[in-house]
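Enquirer:
In the numbering used here, the protein residues as written are 25 to 315.
#1: Does residue 270 pass the burial test, meaning 16 or more other C-beta atoms within 10 Å, or should it be called exposed?
#2: What first and last residue would you give for the alpha helix (DSSP H) that runs through residue 246?
#3: Three Cβ pairs or more, each shorter than 8 Å: is that satisfied between the region 237-244 and the region 209-217?
#4: What did DSSP end up calling residue 117 once you bin it into helix, strand or coil?
#5: What span of residues does the alpha helix (DSSP H) with residue 311 cover, start to end?
#6: Have a look at residue 289 and residue 221 and give me their C-alpha separation to the nearest angstrom.
#7: Quick one: using the 10 Å Cβ neighbour count with 16 as the cut-off for buried, is residue 115 buried or exposed?
#8: Could you pull the start and end residues of the alpha helix (DSSP H) that residue 59 belongs to?
#9: How is the alpha helix (DSSP H) around residue 203 delimited, first residue to last?
#10: Less than 8 Å between the CB atoms is what I'm expecting for residue 97 and residue 142, so what's the real figure, rounded?
#11: Determine, using beta carbons only, whether residue 181 and residue 197 come nearer to each other than 7 Å.
#12: Since residue 104 contacts residue 132 with CB under 8 Å, what's their CB separation in whole angstroms?
#13: Report the residue from 70, 54 and 44 whose alpha carbon sits nearest the alpha carbon of residue 32.
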């Protein structure tokens, strides 16, 4: 299974290289900054989920790959902006300087903007596949990363700092901030592979529960992990006064929730039988990680 994962990551990296060259243009610094963060050693979780969902449903990798690469660009742009002094003010990510520490705040902001635009340049010009499905997939990507998805969750997160929030508010925050693009990674993969509405709904339920488990694992690692393992400072959530599942429920209860949501994720894929074995393994791998 790990070899299959590594194979997916290698294919995604090769495709990203194709989309992210450095033209010999006066503004080449922006391409260098985009590449600096895009190739900083990310897990490629979201594009892998998209590709593997497509494989489970017999989809064409050539149709899905542009969207998988676009999703990674969207995720990377969000990290660049998250690290800025106005947001989380982090100096390191994945063991090396963040984009704004390497290139300055102005270039980092523009690099994030450029990655977001590049994502939709790629998807809007994708040639293979059913045009109606391609258009719907572009819309799904946009919504999941916008004000009703990732950005909306980030706004709630910022406004929740240094004030108590309820468990219901926290769950909604993470459903948007972390969960939205994990869900669209899977549902776009299912949609572009010709999955039925029932297939897309089952995949969405899987991804929703995976996103919950993944975020709670992140909260646990921020409390018990090391800077060396994570490649970034730990303990930042507590220092910034953020409410997390760990601060609200404790580590033991949080671990129980990870197990509960992981089980629900696996159950959501039962309709696909053995075809879902890799996605089930991947979900377990991601929520039991140490980094």
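A virtual CB, placed ideally from N, CA and C, is assigned to each residue, including glycine.
Expert: In short, the structure shows the following:
#1: So residue 270 ends up on the buried side.
#2: Looking at the DSSP string, the run of the alpha helix (DSSP H) that includes residue 246 is 221-248.
#3: Not touching, per the Cβ criterion.
#4: Correct three-state label for residue 117: strand.
#5: For residue 311, the uninterrupted alpha helix (DSSP H) segment begins and ends at 301-311.
#6: Residue 289 and residue 221 have their alpha carbons spaced roughly 18 Å apart.
#7: Classification for residue 115: exposed.
#8: DSSP places residue 59 in the uninterrupted alpha helix (DSSP H) bounded by 52-62.
#9: Secondary structure note for residue 203: its alpha helix (DSSP H) is the uninterrupted segment 203-216.
#10: Contact flag correct, Cβ pair sits at about 6 Å.
#11: Going by C-beta atoms, residue 181 is nearer than 7 Å to residue 197.
#12: The beta carbons of residue 104 and residue 132 sit about 6 Å from each other, so the pair counts as a contact at 8 Å.
#13: That would be 70, whose Cα lies nearest to the Cα of residue 32.
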